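S.K.: A single structure is presented below for examination.
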Amino acid sequence: MTKFVAIISGKGGVGKTTSAINLATALSSFGRDVLVLDANLKTPNVNLHLGSPNTPITLHDALQGKYHVTDAAYLHPSGLKVIPASLALEKVDSVEPAKLAEILLDLEGACEAVFLDTKTGIDEDVEHAIRAADEAIVVTNPDLPSVTDALKAIRLADKVGVNVVGVIVNRFKNDSFDMSLDNIRDLLNKPIIGVVPEDDNVRKSIAVRHPVVYTHPDSKASVAFKELAAKLSGQKYVHSIKDSKDTPSKLHQVLKKLGLNK
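And the structure:
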């Protein structure tokens with residue numbers, strides 16, 4: 145049975161798409177069959193993060209009935225399966241977000257889990273994406289505006305009857321300016337399932353259009369995503385420098401030339 149998980153956030157810029165992509169990549173590296181679907185139908189970002197802005201078939205085409213949704217699935221070099229949404233402006237108003245749940249039925253049994261990278265906010269498009277999911281994970285930064293908006297996203301999920309299983313605190317610096325994890329947990333009334341530290345390697349990975357788990361497997365952020373993936377999949381993970389062997393040497397060479405890898 146395929147599990148559909150909505151990755152949500154009330155505020156933009158907290159790293160929702162980055163978290164969806166890297167959590168799924170980490171799970172894929174553990175041998176789990178997962179897929180990321182860009183459920184942000186108006187301002188999609190997954191294909192931009194992964195360097196595939198002009199894929200010939202997208203989720204929008206499936207929503208319009210032109211193709212089966214599996215025809216829009218692509219395999220990223222990192223091993224991640226992706227269903228991107230279209231960047232074409234003319235397709236934005238030509239689809240009905242309410243059809244998303246119907247389309248997802250065609251992915252039942254196709255993989256273990258589908259991560260829905262939703263639109264930021266709490267509008268109708270986000271509500272349709274959450275309704276299409278079995279459960280949700282909320283992403284926030286450790287500051288009051290982000291956490292307050294995360295609470296709104298949680299309340300929207302509660303409204304449509306979808307359980308938020310936990311919170312990912314992203315870009316955590318653990319300094320005097322960050323909200324404490326205890327305060328975040330108390331305010332949101334949800335368990336914190338992952339804490340991803342501030343890491344410049346995430347910016348470097350976005351620059352070369354790859355998940356940081358793939359480009360910098362030994363980075364602090366990558367280790368955090370792998371630990372979360374292990375927790376969610378019931379596996380044991382102990383970080384070792386040997387993990388870096390999973391990254392192709394050619395990619396290391398390219399990153400070195402770009403000054404993006406030590």
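Numbering of the sequence shown is given in the working numbering, commencing with residue 145 and proceeding in unit increments.
Where a beta carbon is used, it is the ideal one built from N, C-alpha and C, also for glycine.
Computed from a prediction, not measured in an experiment: that's the story for all the values here.
Quick check: what's the CA-CA separation for A242 versus A168?
M.R.: Position 98 of the sequence shown, counted from the first residue, corresponds to residue 242. Position 24 of the sequence shown, counted from the first residue, corresponds to residue 168. One C-alpha to the other measures close to 25 Å.
S.K.: Return the residue from the list L192, L251, H193 that minimises the CA-CA distance to I179.
M.R.: For the purposes of this step, residue 179 is identified with residue 35 of the sequence shown, where counting begins at 1. The displayed chain sequence assigns Leu, not Ile, to residue 179. Closest option to L179, Cα to Cα, is L251.
S.K.: Can you check which of these residues, R353, G305, H383, N333, is closest to N166 by C-alpha distance?
M.R.: Position 22 of the sequence shown, counted from the first residue, corresponds to residue 166. Ranking the options by Cα distance to N166, first place goes to R353.
S.K.: When the Cα of A365 is compared with those of V149, N345, K210, S384, which residue comes out closest?
M.R.: Numbered from 1 along the sequence shown, position 221 holds the residue referred to as residue 365. Selected option, being the one with the closest Cα: N345.
S.K.: If you run the structure through DSSP and keep just helix, strand and coil, what is P341?
M.R.: Along the sequence shown, read from residue 1 onward, the residue named residue 341 stands at position 197. Looking at P341 - three-state DSSP - the assignment turns out to be strand.
S.K.: In chain order, what residues of the same chain have a beta carbon less than 7 Å from the beta carbon of T187, not counting five sequence neighbours either side?
M.R.: The residue given as residue 187 occupies position 43 in the sequence shown. Contacts found: K263.
S.K.: Only counting the same chain, and skipping five residues up and downstream in sequence, which positions put a Cβ closer than 8 Å to that of M145?
M.R.: Indexing the sequence shown from 1 puts residue 145 at position 1. Cβ-Cβ distances below 8 Å link M145 to E252, G253 in the same chain, with the five nearest sequence neighbours on each side left out; the list follows chain order.
S.K.: Along the chain, where does the alpha helix (DSSP H) containing V190 start, and where does it finish?
M.R.: Numbered from its first residue, the sequence shown carries residue 190 at position 46. 190-193 is the span of the alpha helix (DSSP H), which, as asked, contains V190.
S.K.: Where does V211 fall in DSSP's three states?
M.R.: As a working note, residue 211 is residue 67 in the sequence shown. This sequence places Tyr at residue 211; Val is not what is there. If DSSP states are grouped into helix, strand and coil, Y211 belongs with coil.
S.K.: Distance check for D319 and K147, CA to CA, integer angstroms please.
M.R.: Working through the sequence shown from its first residue, we reach residue 147 at position 3. Working through the sequence shown from its first residue, we reach residue 319 at position 175. CA-CA distance, K147 to D319, rounds to 36 Å.
S.K.: Below 8 Å on the Cβ atoms is my contact criterion, and I expect A273 with A301 to pass it. Report the Cβ-Cβ distance as a whole number of Å.
M.R.: Sequence index remark: in the sequence shown, residue 273 carries index 129 (1-based). Sequence index remark: in the sequence shown, residue 301 carries index 157 (1-based). Not confirmed; about 10 Å, so no contact.
S.K.: If distances are taken between C-alpha atoms only, which option among A245, Y381, E256 comes closest to A277?
M.R.: For this step, residue 277 is matched to residue 133 along the sequence shown. When each option's Cα is compared against that of A277, the closest is A245.
S.K.: Rounded to whole angstroms, what is the Cα-Cα separation between S153 and I227?
M.R.: Residue numbering aside, residue 153 sits at position 9 when the sequence shown is read from its first letter. Residue numbering aside, residue 227 sits at position 83 when the sequence shown is read from its first letter. Cα to Cα, S153 sits roughly 20 Å from I227.
S.K.: DSSP beta-bridge partners for L260?
M.R.: Your numbering for residue 260 matches position 116 in the sequence shown. According to DSSP, L260 bridges with A150, L181.
S.K.: Can you give me the start and stop residues for the alpha helix (DSSP H) that T292 sits inside?
M.R.: Locating residue 292 in the sequence shown gives position 148, counting from the first residue. Unbroken alpha helix (DSSP H) run through T292: 288-303.
S.K.: Based on the DSSP output, what are the partners of F316 in its beta bridges?
M.R.: Walking along the sequence shown from the start, residue 316 turns up at place 172. Bridge partners of F316: P341.
S.K.: What is the DSSP secondary structure of A365, reduced to helix, strand or coil?
M.R.: If you number the sequence shown from 1, residue 365 lands on position 221. Correct three-state label for A365: helix.
S.K.: Kindly indicate which three-state DSSP category L171 falls into: helix, strand or coil?
M.R.: As a working note, residue 171 is residue 27 in the sequence shown. When DSSP states are grouped into helix, strand and coil, L171 belongs to the helix group.
S.K.: Check I281 in the structure and name its three-state DSSP category.
M.R.: As a first step, residue 281 is located in the sequence shown; it is residue number 137 there, counting from the start. Note: I281 maps to strand in three-state DSSP.
S.K.: By the DSSP assignment, the beta strand (DSSP E) with V382 in it spans what residues?
M.R.: As a first step, residue 382 must be located in the sequence shown, where it is residue number 238. It is not in any beta strand (DSSP E) - V382 carries neither H nor E in the DSSP assignment.
S.K.: Please report how far the alpha carbon of V339 lies from the alpha carbon of H193, in whole angstroms.
M.R.: Sequence index remark: in the sequence shown, residue 339 carries index 195 (1-based). Sequence index remark: in the sequence shown, residue 193 carries index 49 (1-based). One C-alpha to the other measures close to 21 Å.
S.K.: Output the boundary residues of the alpha helix (DSSP H) element that contains I328.
M.R.: Stepping through the sequence shown from its first residue, residue 328 is reached at position 184. That run of the alpha helix (DSSP H) goes 325-332.
S.K.: Figure out for me which residue from R176, E256, P197 has the closest Cα to the Cα of D182.
M.R.: In the sequence shown, the residue the question calls residue 182 occupies position 38. Per the Cα distances, P197.
S.K.: Exposed or buried, G159, counting other C-beta atoms within 10 Å across all chains shown (16 or more means buried)?
M.R.: The sequence position of residue 159 within the sequence shown is 15, counting from 1. When all chains shown are included, G159 counts as buried.
S.K.: By the three-class DSSP mapping on this structure, what secondary structure does L407 have?
M.R.: Shown here, the chain extends from 145 to 406; a query on residue 407 therefore has no answer.
S.K.: Please confirm whether any heavy atom of the ligand MG lies closer than 7 Å to the CB of K155.
M.R.: Within the structure as shown, the ligand MG is missing, as the structure has no ligands at all.
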